[in-house]
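First up is the structure itself, then whatever we jot down about it.
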Amino acid sequence: MKTMTQDIIVVGGGIIGTSCALALQQAGQSVLLLDREAPGAGASSGNAGHIATEQVFPLASTEMLLQLPKMLFDPLGPLSVDWRYLPQITPWMLQLVNNMRPKANKHSADALSTLNRASLTVWRDLLESINRSDLLQEKGSLLVYEKPETKASLLKHIEKLSAYDVPVAHLNEAELHEQAPAVSKRLLGALEFPATAHVTDPLKLVDALFEAAQQQGMAYSQTDVTGGRLTEAGVELETTDGTLLCKRVLIANGAYAKPLVQALTGVKVPLETERGYHLMLPNELDILPVAISSAERRFIMTPMQGGLRLAGTVEFAGLEREANMKRAMMLQQHAQALFDRPLNTEGSKPWMGRRPSLPDSLPVIDRTGPKGEVLLAFGHQHLGLTQAALTAQLITQLYLSREPTYDLAPYSLSRF
Ligand SMILES: Cc1cc2nc3c(=O)[nH]c(=O)nc-3n(C[C@H](O)[C@H](O)[C@H](O)COP(=O)(O)OP(=O)(O)OC[C@H]3O[C@@H](n4cnc5c(N)ncnc54)[C@H](O)[C@@H]3O)c2cc1C
64 MKTMTQDIIV VGGGIIGTSC ALALQQAGQS VLLLDREAPG AGASSGNAGH IATEQVFPLA
124 STEMLLQLPK MLFDPLGPLS VDWRYLPQIT PWMLQLVNNM RPKANKHSAD ALSTLNRASL
184 TVWRDLLESI NRSDLLQEKG SLLVYEKPET KASLLKHIEK LSAYDVPVAH LNEAELHEQA
244 PAVSKRLLGA LEFPATAHVT DPLKLVDALF EAAQQQGMAY SQTDVTGGRL TEAGVELETT
304 DGTLLCKRVL IANGAYAKPL VQALTGVKVP LETERGYHLM LPNELDILPV AISSAERRFI
364 MTPMQGGLRL AGTVEFAGLE REANMKRAMM LQQHAQALFD RPLNTEGSKP WMGRRPSLPD
424 SLPVIDRTGP KGEVLLAFGH QHLGLTQAAL TAQLITQLYL SREPTYDLAP YSLSRF
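If you want our numbering, it's the position in the sequence shown, counting the first as 1, plus 63.
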């Protein structure tokens, strides 16, 4: 067994783990980061890059319930369940349905909006602190619509959002086309979210945080954490490089966190993965000024340094099953319908990643264990990029035993 000298081991080098590692280093703590592949190898490299502060409503909604039967039969729909995975996902789905009750739904929306409201400011500060503000484009985003009947539901959505103080405005056809001249003249209007942003390259963002943390003294090792236990001496982590003994650990390995959480806390957390896809169009640079989502087609197009990223869809198929890249390819057809000229799809690249999701759509941000030796930051579902910098701030406060900026009860492990 090797005794580690660092103050804390962070397991998982995604956007959550690297943000936390950097914030802890900046707070004067010494960190050893472990990842079994490479920083950014998971969901964090391929996400849509949208700082989605406007997304304050949980996945569980009555609208989703209505779509469930279709989900089971349409493998290319925006939401789908691999029927072979149905027995495993059913208990999680039942908990999701339970969270559709108005009180539970409001609890999740309140807690999501608490995090989202502060997220962009904390990102701005974190990136400024490492001189990488260039990675963040604070230009807002648009949600466009094609059908006249969608307008009424979006106007209702504005009312719901205003209850959460989400800045939003309706743009008519002319205003939309003035803002985004390349989109199809068939589009009828949009909602504009001025307090949102996008990052120009999610993998470069992880790399930038990782490098900054290393410059501040963070150590890194590529190793797979296969188990762990709490002992009198500290936290023992089983890894492919042998057993490591450390004082504290932060579990931040995204969709794969469940076994380690159970080993170190005894809690069997209902963590599932919502698989999502993207298709990168490297030749469509600068076609859009901001990230644009489609209300009807339920996907997003984000202008990035490496081209236009088409991203979205939710697929319940577990951690092991291979990707169904037809789901990524179908994004191309949806995107094409939003432009009048043919998109250049030469060299397009599909990708699949695993969102870590809990049935109440809230992450776990907590500190536990007999001596507070286990910190937890996982389960950020569709909002891991958005909430990473704030999560890092909150984890640092928990680590330093400071009063957290917000009441963290909604994000506690003990809710399970
Ligand atoms: C298609 C798609 C689009 C998305 N778009 C957005 C968006 O626009 N905005 C937004 O806010 N969010 C978005 N998300 C969600 C966001 O990407 C995730 O919430 C976020 O990346 C989760 O980060 P993470 O660090 O928890 O997990 P990950 O990025 O998956 O990182 C986990 C890391 O842990 C490592 N690991 C796993 N197990 C072990 C182990 N046992 N030992 C050592 N290392 C281990 C992995 O190698 C990986 O590097 C999107 C997700 C997808 C799939």
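By construction, the Cβ of each residue, glycine as well, lies at the ideal position given by its N, Cα and C atoms.
Boundaries (first-last residue) of the alpha helix (DSSP H) holding residue i
| i | result |
| --- | --- |
| Asp173 | Pro165 to Ser192 |
| Met156 | Leu149 to Asn161 |
| Gln444 | Careful: Gln444 lies outside any alpha helix (DSSP H) and carries neither H nor E. |
| Thr328 | Lys321 to Thr328 |
| Ala84 | Ile78 to Gln89 |
| Phe273 | Pro265 to Gln278 |
| Glu241 | Glu236 to Gln242 |
Residue i in three-state terms, based on DSSP
| i | result |
| --- | --- |
| Tyr227 | coil |
| Thr302 | strand |
| Tyr340 | strand |
| Val427 | strand |
| Gly109 | helix |
| Leu251 | coil |
| Leu453 | helix |
| Glu209 | coil |
| Gln118 | coil |
| Lys65 | strand |
| Pro138 | coil |
| Met392 | helix |
| Ser196 | helix |
| Ala232 | strand |
| Ser475 | coil |
| Gly297 | strand |
| Tyr283 | strand |
| Ile458 | helix |
| Ser124 | coil |
| Ser546 | As shown, the chain starts at 64 and ends at 479. That puts residue 546 outside it, with no answer to give. |
| Leu131 | helix |
| Leu308 | strand |
| Glu409 | coil |
| Glu335 | strand |
| Ser204 | strand |
Beta-carbon proximity of residue i to residue j, cut-off 7 Å
| i | j | result |
| --- | --- | --- |
| Gly442 | Pro467 | no |
| Val94 | Met281 | yes |
| Ser107 | Val269 | yes |
| Pro333 | Pro433 | no |
| Leu489 | Ala472 | It is not possible to answer for residue 489, since the shown part of the chain is limited to 64 through 479. |
| Arg361 | Pro141 | yes |
| Ala354 | Ser204 | yes |
| Val231 | Ile221 | yes |
| Ile78 | Thr259 | no |
| Pro345 | Gly369 | yes |
| Ala386 | Met415 | yes |
| Leu217 | Leu254 | yes |
| Ile428 | Tyr474 | yes |
| Leu439 | Thr286 | no |
| Leu373 | Asn110 | no |
| Ser477 | Ser171 | no |
| Thr431 | Ala90 | no |
| Leu266 | Gly80 | no |
| Ala358 | Thr213 | yes |
Range covered by the beta strand (DSSP E) that runs through residue i
| i | result |
| --- | --- |
| Asp98 | Val94 to Asp98 |
| Lys412 | Lys412 to Ser420 |
| Phe441 | Val437 to Phe441 |
| Leu293 | Val288 to Thr294 |
| Ala258 | Per DSSP, Ala258 belongs to no beta strand (DSSP E) and is neither H nor E. |
| Arg372 | Gly370 to Phe379 |
| Met388 | Unbroken run through Met388: none, as it is neither H nor E. |
| Phe362 | Phe362 to Met367 |
| Met312 | Here residue 312 turns out to be Val, not Met, going by the sequence shown. Here the beta strand (DSSP E) through Val312 covers Val312 to Ile314. |
| Val74 | Ile71 to Val74 |
Short CB-CB distance (under 7 Å) between residue i and chain D
| i | result |
| --- | --- |
| Ala245 | Note that chain D does not occur in the displayed structure, where there is just one protein chain. |
The stretch 234-242 touching the stretch 291-301, judged by at least three CB pairs closer than 8 Å: No: fewer than three Cβ pairs fall under 8 Å.
Validate contact between the stretch 298-314 and the stretch 69-79 using beta carbons, cut 8 Å, 3 pairs: Segments in contact, yes.
Cβ contact (3+ pairs, closer than 8 Å) linking the stretch 440-458 and the stretch 179-192: Contact holds: three or more Cβ-Cβ distances are below 8 Å.
Segment contact flag, the stretch 373-380 with the stretch 328-346, C-beta cutoff 8 Å, min 3 pairs: With the cut-off at 8 Å, the stretch 373-380 and the stretch 328-346 touch.
Sufficient close CB pairs (3 or more, under 8 Å) joining the stretch 381-391 to the stretch 407-417: Touching, yes.
Touch test, the stretch 191-198 against the stretch 258-274, Cβ-Cβ under 8 Å, three pairs minimum: They touch, by the three-pair rule.
Three-pair Cβ contact test at 8 Å for the stretch 322-331 versus the stretch 80-89: With a cut-off of 8 Å, the stretch 80-89 and the stretch 322-331 do not count as touching, because too few Cβ pairs lie within range.
Contact the stretch 147-165 vs the stretch 118-126: 3+ CB pairs below 8 Å: Yes, the stretch 147-165 touches the stretch 118-126.
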